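For reference, the structure discussed in these notes is given below.
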Amino acid sequence: MIKSKLPNVETTIFTKMSALASKHEAINLSQGFPDFDIDNKITELYGHYSKKGYNQYAPMIGVEKLINSIAKKVKKDYNVSVDPLSEITITAGATQAIYTAITTLINPDDEAIIFSPAYDSYAPAIELAGGKTHEVKLVHPSFSINWDEVNKLINKKIRLIIINSPHNPTGAVISKDDIRELERIVSSNNIYIISDEVYEHIVFDNKVHHSLLTSDILRKKTFATYSFGKSLHITGWKLGYCIAPRNLMEEFRKVHQYNVFSCNSPAQYAIADYIDNTSPFDKISEIYEKKRDLFLKGIKNSRFKVIPSNGTYFQLLDYSNISNENDVEFAKRITIEHKVASIPISVFYKDKTDDKILRFCFAKKDETLLKATKILCRI
Ligand SMILES: Cc1ncc(COP(=O)(O)O)c(C=O)c1O
Numbered sequence: 614m615i616k617s618k619l620p621n622v623e624t625t626i627f628t629k630m631s632a633l634a635s636k637h638e639a640i641n642l643s644q645g646f647p648d649f650d651i652d653n654k655i656t657e658l659y660g661h662y663s664k665k666g667y668n669q670y671a672p673m674i675g676v677e678k679l680i681n682s683i684a685k686k687v688k689k690d691y692n693v694s695v696d697p698l699s700e701i702t703i704t705a706g707a708t709q710a711i712y713t714a715i716t717t718l719i720n721p722d723d724e725a726i727i728f729s730p731a732y733d734s735y736a737p738a739i740e741l742a743g744g745k746t747h748e749v750k751l752v753h754p755s756f757s758i759n760w761d762e763v764n765k766l767i768n769k770k771i772r773l774i775i776i777n778s779p780h781n782p783t784g785a786v787i788s789k790d791d792i793r794e795l796e797r798i799v800s801s802n803n804i805y806i807i808s809d810e811v812y813e814h815i816v817f818d819n820k821v822h823h824s825l826l827t828s829d830i831l832r833k834k835t836f837a838t839y840s841f842g843k844s845l846h847i848t849g850w851k852l853g854y855c856i857a858p859r860n861l862m863e864e865f866r867k868v869h870q871y872n873v874f875s876c877n878s879p880a881q882y883a884i885a886d887y888i889d890n891t892s893p894f895d896k897i898s899e900i901y902e903k904k905r906d907l908f909l910k911g912i913k914n915s916r917f918k919v920i921p922s923n924g925t926y927f928q929l930l931d932y933s934n935i936s937n938e939n940d941v942e943f944a945k946r947i948t949i950e951h952k953v954a955s956i957p958i959s960v961f962y963k964d965k966t967d968d969k970i971l972r973f974c975f976a977k978k979d980e981t982l983l984k985a986t987k988i989l990c991r992i
């Protein structure tokens, strides 16, 4: 028998709810992935590069053409200069970038601050590195950061703060004031940041995504992580990247070369070609804002209460007018009885805070959303 390194961790709720949805033939608005067709051009490019023989190991840091394209993209989007060869590494999705950055930063007994409800990969990765996680709850229902709580926790053991904006599961986005608070904290402490910006291109109602790369102070202490899965609707390709200053990136790569070494080669060539020759990122917010609005229009006459989503492809709905059941039970019941699957928000908290809220993914075909919202109106 082996001693579990993560004794309290079970199969993720995303896997469980997707399995339940499939078993009961329910519409799956639980896991965050698109169900619509992706641009043919990108799949053709994948085939093209594979047929041309780009099938062996890519360089450890990533295909040079792709890291150059990313540097150009970051300059265009944020007016930030990044040195491609020393400051960008291609990863197997943002998940591996986050895991590698945590492993790079956290030594046994170091401490980290995350904000809950929190994406589920952060705390286990910190635990595996021997660190301790402090959860600061975002202020319900705006899901903004309570900086007084953060400041109370700052001490010499805190090595890492993880920021996720636009935020999964709430759709909240950080403000310039949040950036200033972070600048103040990292300036006077030996604290680093992982900025999980996988939803950088999905912001609504003319809101702006404030990348931490745009702050000169934060840029020096930040591992910023991104996902082509989210930005190009190709979650199954599992490709993303990390941007960090040279001294941090050198350490990151020492870990990266032993937990994955390098990532899918033809996919990197295909993505580089695709982003150099189309402008795929410019339209994403518009696509998803339309889908969010369609979803909101569809549930307007339901008994669910809407918690505004400013970004990501998730919409939170409060069901306290409908039932007193705990959110896991309620989510399961509506999957089985009404055939719409969602994610209960309590699973994103260590203490399983239950505010009677479910998360619905609207990265779906319009017809899927129309069918699902009709059902939600009947609950
Ligand atoms: C907040 C957040 N970070 C990271 C990831 C992981 O991204 P990837 O699929 O590129 O590993 C996700 C995916 O759902 C996410 O929602």
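Sequential numbering of the sequence shown, starting at 614, is according to the numbering used here. Built from N, CA and C at the ideal position, the CB exists for glycine as well. Bear in mind the structure is a predicted one, so any value in this text is a computation, not a measurement.
Legend entry - Buried or exposed by the 16-neighbour rule on C-beta atoms within 10 Å, applied to M614: Looking at its Cβ environment, which holds fewer than 16 other Cβ atoms inside 10 Å, M614 is exposed.
Legend entry - For D931: DSSP bridge partner residues: Its beta-bridge partners are K918 and I970.
Inset, instruction - Please report how far the alpha carbon of I970 lies from the alpha carbon of L909, in whole angstroms. - result: Approximately 15 angstroms between the Cα atoms of the pair.
Legend entry - the region 899-918 touching the region 705-714, judged by at least three CB pairs closer than 8 angstroms: The region 705-714 and the region 899-918 do not touch, with fewer than three beta-carbon pairs separated by less than 8 angstroms.
Legend entry - Limits of the alpha helix (DSSP H) - the one that G911 falls within: I897 to G911
Legend entry - Proximity below 8 angstroms, CB of I640 to CB of T981: yes
Inset, instruction - Quick one: using the 10 Å Cβ neighbour count with 16 as the cut-off for buried, is S778 buried or exposed? - result: buried
Inset, instruction - Provide the residue span of the alpha helix (DSSP H) that contains E864, from first to last. - result: Note, E864: alpha helix (DSSP H), R859 to N872.
Inset, instruction - Using the Cα positions of E623 and S617, report the straight-line distance between them to the nearest angstrom. - result: Rounded to the nearest angstrom, the two C-alpha atoms are 11 angstroms apart.
Legend entry - Limits of the unbroken alpha helix (DSSP H) element including I726: It is not in any alpha helix (DSSP H) - I726 instead sits in the beta strand (DSSP E) that spans E724 to S729.
Legend entry - Bridge partners - K945, DSSP secondary structure assignment: Note: K945 sits in no beta bridge, so no partner.
Legend entry - Close-in-space but distant-in-sequence residues of the same chain around N613 (CB under 7 angstroms, 5 per side omitted): Because the chain in this structure spans residues 614 to 992, residue 613 falls outside the shown range and cannot be described.
Legend entry - Whole beta strand (DSSP E) elements within the region 672-753, 3-residue minimum: 701-704, 724-729 and 745-750
Inset, instruction - Mind reading off the beta-carbon distance from L857 to T835? Whole number of angstroms is fine, and I expect it under 8 angstroms. - result: First, the residue type needs correcting, since residue 857 is Ala and not Leu in the sequence shown. 7 angstroms between Cβ atoms; contact.
Inset, instruction - Inspect the CB distances between the region 860-868 and the region 658-668 and report whether three or more fall short of 8 angstroms. - result: no
Inset, instruction - Closer than 8 angstroms by C-beta to S729: which residues in its own chain qualify, once you throw out the five before and the five after it? Chain order, please. - result: So the qualifying residues of the chain are E748, V749, K750, L751, F961, Y962, K963 and T966.
Legend entry - Residue from K987, S682 and A976 with nearest C-alpha to F646: A976
Legend entry - C-alpha gap between M673 and K664, whole angstroms: 22 angstroms
Inset, instruction - Report the three-state DSSP secondary structure of P879 (helix, strand or coil). - result: helix
Inset, instruction - Could you round the C-beta distance between V811 and S788 to whole angstroms and report it? I think they count as a contact, below 8 angstroms. - result: Actually they are not in contact, since the Cβ atoms of V811 and S788 sit about 19 angstroms apart, beyond 8 angstroms.
Inset, instruction - Verify whether the separation of the beta carbon atoms of H814 and S898 is less than 8 angstroms. - result: yes
Inset, instruction - Please work out which residues of its chain come closer than 7 angstroms, Cβ to Cβ, to S936, disregarding the five sequence neighbours upstream and downstream, and give them in chain order. - result: F943
Inset, instruction - Taking only the alpha-carbon atoms, compute the straight-line gap between D790 and S757 and give it to the nearest angstrom. - result: 11 angstroms
Inset, instruction - Answer yes or no: do I719 and I739 have a C-beta to C-beta separation smaller than 8 angstroms? - result: Going by C-beta atoms, I719 is nearer than 8 angstroms to I739.
Legend entry - Residue interval of the beta strand (DSSP E) (run including Y926): Looking at the DSSP string, Y926 is not in any beta strand (DSSP E), and its letter there is neither H nor E.
Inset, instruction - Return the residue from the list Q928, Y882 and H823 that minimises the CA-CA distance to A671. - result: Nearest of Q928, Y882 and H823 to A671, Cα basis: Y882.
Inset, instruction - Tell me, please, which residues DSSP counts as bridged to D818. - result: In the DSSP output, where bridge partners are listed per residue, D818 has none listed.
Inset, instruction - Note down, in chain order, each residue of its chain lying with its Cβ closer than 8 angstroms to the Cβ of I767, except the 5 sequence neighbours on either side. - result: I798, N802 and I804
Legend entry - Cα-Cα separation, I726 to L619: 19 angstroms
Inset, instruction - Please look up how many angstroms separate the CB atoms of N923 and V821, rounded, as I've assumed it's under 8 angstroms. - result: That pair is no contact at about 10 angstroms.
Legend entry - With 16 other Cβ atoms within 10 Å as the buried cut-off, status of Y732: buried
Inset, instruction - Check L795 in the structure and name its three-state DSSP category. - result: helix
Inset, instruction - Enumerate in chain order the residues of its own chain whose CB-to-CB distance from I775 is below 6 angstroms, with the five nearest sequence positions on each side excluded. - result: I727, Y735 and I807
Inset, instruction - Would you mind stating whether S955 and L679 have Cβ atoms separated by less than 8 angstroms? - result: With a cutoff of 8 angstroms on beta-carbon distance, S955 and L679 are scored as not near each other.
Legend entry - Burial state of R972, where buried means 16 or more other Cβ atoms lie within 10 Å: buried
Inset, instruction - Tell me, please, whether the CB atom of F908 is closer than 8 angstroms to any CB atom in chain C? - result: Protein chains in the displayed structure number just one, and chain C is not present.
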